[in-house]
Amino acid sequence: HAGQGLLRFITCGSVDDGKSTLLGRLLYDAGMVPDDQLAALARDSRRLHADAGDALDFALLTDGLDAEREQGITIDVAYRYFHTARRSFIVADCPGHEQYTRNMATGASNAELAVVLVDARKGLLPQTRRHTYICSLLGIRQVVLAVNKMDLVDCDERVYREIAEAYRALAQTLGIAKVDCLPVIAPGGDNVGTRSTRLSWYQGPTLLELLDAADATPARAADFRMPVQWVNRPDQSFRGYAGTICGGRVAKGDEVVVQPGVQRARIARIVIADGDLDSAGEGQAVTLCLDRELDASRGDVIADALRPAPVADQFACHVVWLGDSALLPNRTYWLKIGTRTVNARVMSIKHKVDVNTQARLAARHLSLNEVGYCTVGLDEAIAFEPYATNHTLGGFILIDRQTNATVACGMLDFALKRSANVH
Ligand code: GDP
8 HAGQGLLRFI TCGSVDDGKS TLLGRLLYDA GMVPDDQLAA LARDSRRLHA DAGDALDFAL
68 LTDGLDAERE QGITIDVAYR YFHTARRSFI VADCPGHEQY TRNMATGASN AELAVVLVDA
128 RKGLLPQTRR HTYICSLLGI RQVVLAVNKM DLVDCDERVY REIAEAYRAL AQTLGIAKVD
188 CLPVIAPGGD NVGTRSTRLS WYQGPTLLEL LDAADATPAR AADFRMPVQW VNRPDQSFRG
248 YAGTICGGRV AKGDEVVVQP GVQRARIARI VIADGDLDSA GEGQAVTLCL DRELDASRGD
308 VIADALRPAP VADQFACHVV WLGDSALLPN RTYWLKIGTR TVNARVMSIK HKVDVNTQAR
368 LAARHLSLNE VGYCTVGLDE AIAFEPYATN HTLGGFILID RQTNATVACG MLDFALKRSA
428 NVH
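Next comes the structure, spelled out in structure tokens:
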């Protein structure tokens, strides 16, 4: 499945807009439902919808999650894998109603594209705006708007056009650079995997074609960065630093710096399970051996020595509050960023963002699912990047030190104060 490479996307919509059905249909149209599963689907569909003849209920392919939630098994986001002849996909399926912002923030953080669903009968809802805002906050710059349930508005082109135009205007105000719109009927697969005869006035690509053709190259800075996951030292003769490259490329002989410190070395070897590489790039998990002994450990960042990451201990950032109890400024949390964990305090909440209107409001605390613009202080300096240029070194989570629960995710904007510990 070479061609276009992997595309990660997320589906967003309000309850009952048809997310499960659309995703099930997408898996079916991509040929990902094996015969035995299809037979089970036909049997369950007949049992559940005695009046619907042989129609398949595609939502049953993806609805398993709801059952798990009812049993009290906490699954925030399910990642599903599928592929077409041209590329492979990982789709983050975010169930949950009240917890939707929390789940969406988790699912969107490494997605390149969002499929936003709208019910043609309802048009744009406050949720549509909220979901799109969270997508843009998390760095998603491409959206496919699927106007679903077109059969319930008599396949009327005017209804579709009005929704599509209103959405394009909305997306523009939120900084989404690329929007594709299409009308669909999820259960019938109309414009999902094949063109619709009922919607013949629509001449554009199907959903699968749009996903096949979507651009998956992140528009990020290309400087080499690798957070150290662990130090691999099986015996005295070998010491390597294992991790996943989160920016740029590295080649044998390159000079690197171990941050937040200033020690430099050259890359002696780039090792993977199959042997040695001459160079490696973003997304690859590698073990780097350096040409001299130095003191690097989990949480450090190995970076291009000529273009190192900035180092700081105070930041302005967006925080999406995910905790059941409110964010309390000046309380200490653990902050996890890349592979590093440090003590952190939210020093102040500059403002809260109304996720439905994007209005800035004064706030003393943040409650569940609220977004704030905050200043955060750490008890030690870290190497970082603004979230806009590097999601791994600019995206963080906050963990409650008593309960171990993840209570926030955040996006670093810029450093307020550079640490003294800079070269
Ligand atoms: P979700 O809550 O967003 O996952 O929505 P579901 O996929 O469970 O769909 C909600 C209901 O809408 C189900 O009864 C679906 O069969 C129905 N539905 C979904 N898409 C369409 C559509 O395009 N046309 C019609 N008529 N019904 C649809």
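To get UniProt numbering, take the position in the sequence shown, counting from 1, and add 7. Idealized CB from N, CA, C, for every residue including glycine.
Close Cβ partners of residue i (< 6 angstroms) along its chain, the five nearest in sequence each way excluded
i           : result
residue 246 : 240
residue 19  : 121, 123 and 138
residue 276 : 283 and 296
residue 229 : 255
residue 292 : 251
residue 352 : 337, 339 and 384
residue 88  : 97
residue 17  : 99, 114, 115, 118 and 121
residue 305 : 235, 237 and 346
Chain-order list of residues whose beta-carbon lies under 7 angstroms from that of residue i (same chain, five-residue window excluded)
i           : result
residue 432 : Nothing in the structure corresponds to residue 432, since the chain is present only between 8 and 430.
residue 333 : 372, 373 and 374
residue 377 : 328 and 359
residue 140 : 181, 362 and 365
residue 164 : 208
residue 146 : 394, 395 and 398
residue 415 : 326, 327, 328, 329, 330, 334, 404 and 405
residue 413 : 329, 404 and 406
Residue i burial status per 10 Å Cβ neighbour count (16 or more: buried)
i           : result
residue 337 : exposed
residue 266 : buried
residue 92  : exposed
residue 55  : exposed
residue 237 : exposed
residue 12  : exposed
residue 45  : exposed
residue 185 : exposed
residue 279 : exposed
residue 41  : exposed
residue 81  : With a pLDDT of 47 at residue 81, under the threshold of 50, the modelled position of this residue cannot be trusted; read the value that follows with caution. With fewer than 16 Cβ atoms within 10 Å of its Cβ, residue 81 is classed as exposed.
residue 350 : exposed
residue 211 : exposed
residue 110 : buried
residue 347 : buried
residue 136 : buried
residue 421 : exposed
residue 172 : exposed
residue 409 : exposed
residue 370 : buried
residue 43  : exposed
residue 60  : exposed
residue 417 : buried
residue 179 : exposed
residue 161 : exposed
residue 26  : buried
residue 294 : buried
residue 86  : exposed
residue 38  : exposed
Presumed contact (8 angstroms Cβ cut-off) between residue i and residue j, rounded CB distance
i           : j           : result
residue 322 : residue 419 : 5 angstroms
residue 358 : residue 379 : 7 angstroms
residue 256 : residue 264 : Not confirmed; about 16 angstroms, so no contact.
residue 125 : residue 100 : Rounded, the Cβ-Cβ distance is 18 angstroms, inconsistent with contact.
residue 251 : residue 290 : 7 angstroms
residue 31  : residue 66  : 6 angstroms
residue 232 : residue 117 : 16 angstroms between Cβ atoms; not a contact.
residue 36  : residue 52  : That pair is no contact at about 17 angstroms.
residue 308 : residue 234 : 5 angstroms
residue 345 : residue 400 : 5 angstroms
residue 214 : residue 33  : 7 angstroms
residue 458 : residue 199 : Because the chain spans 8 through 430 in this model, residue 458 falls outside it and cannot be assessed.
residue 405 : residue 342 : 6 angstroms
residue 260 : residue 274 : 6 angstroms
residue 285 : residue 258 : 6 angstroms
residue 119 : residue 223 : 5 angstroms
residue 312 : residue 262 : 4 angstroms
residue 127 : residue 167 : 7 angstroms
residue 303 : residue 390 : Between residue 390 and residue 303 the Cβ distance is about 12 angstroms, and since that is not below 8 angstroms, they are no contact.
Cβ-based neighbour list, residue i, same chain, cut-off 8 angstroms, excluding 5 preceding and 5 following
i           : result
residue 423 : 319, 321, 322, 323 and 382
Contact with chain B by residue i, beta-carbon distance below 8 angstroms
i          : result
residue 15 : Absence of chain B from the displayed structure is noted, only one protein chain being present.
Any non-hydrogen atom of ligand 3 closer than 7 angstroms to residue i Cβ
i           : result
residue 155 : No copy of ligand 3 appears in this structure; the ligands present are ligand 1.
Length at least 3, wholly inside the region 9–64: the beta strand (DSSP E) runs in chain order = 14–19
Runs of alpha helix (DSSP H) lying entirely within the region 102–167, each at least 4 residues, in chain order = 107–115 and 133–144
Could you tell me whether the region 176–192 touches the region 144–164, where touching means 3 or more Cβ pairs closer than 8 angstroms?
-> yes
Please list the segments of the beta strand (DSSP E) lying wholly inside the region 227–301, counting only runs of 3 or more residues, in order along the chain.
-> 232–234, 237–242, 245–251, 256–258, 262–266, 270–279, 282–284, 286–288 and 292–297
Beta strand (DSSP E) runs contained entirely in the region 393–430, provided each spans 3 or more residues = 402–406 and 413–425
Enumerate, from N- to C-terminal direction, the unbroken beta strand (DSSP E) stretches of 3 or more residues contained entirely within the region 347–389.
-> 347–360
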